[in-house]
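Residue numbers (the numbering used here): 30 to 201. Think of the CB as a built atom: it goes at the ideal place given N, C-alpha and C, for glycine as much as any other residue. Bear in mind the structure is a predicted one, so any value in this text is a computation, not a measurement. Comments concern the structure below.
The structure is reproduced here in structure tokens:
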């Protein structure tokens, strides 16, 4: 392959809209395990009539006992990044399931406050969190994070666009 062809192929892989695959029904899979078709977490996206984009996230928080946390947050696209304004995380947690049972009442509220406080450590409200996604040779994407324009390598990782109908699921 010539250098020009390689450059063109690389440019073709770059996306100006980081959420373009979500518009076709794909789901963003965090830390994908291709052999097992599992994700540590997933994000699905909804576009509201007013233009707001909502990211609905499911994360496997614990293997024993199995705990899954659901949250929702508004996101927006800035340049080639998916961004959100940080708010107290407890308010974004919409459901918690432990051993298949949805927590309710004071159990839910207590767990949500504790978990939200843990997530918020060092990530104050009002700051802008952004992720860019760079294609890797194996089909995954390298997720790179920044808060207020400052790189935060500890928040990045590996992601992949997947279709849940093909057997992908959230699991440890």
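Does the Cβ-Cβ distance between residue 122 and residue 107 come in under 8 Å? no
Chain B beta carbons: is any one of them nearer than 8 Å to that of residue 172? In the structure shown, chain B cannot be found, because there is only a single protein chain.
Can you tell which of 196, 156, 164 has the C-alpha that lies nearest to the C-alpha of residue 179? 156
Out of curiosity, what's the CA-to-CA distance linking residue 47 and residue 148? 24 Å
Inter-residue Cα distance where the pair is residue 66 and residue 154: 34 Å
Start-end ranges of the beta strand (DSSP E) lying completely within the stretch 87–112, minimum 3 residues: 96–107
Range covered by the beta strand (DSSP E) that runs through residue 172: 170–176
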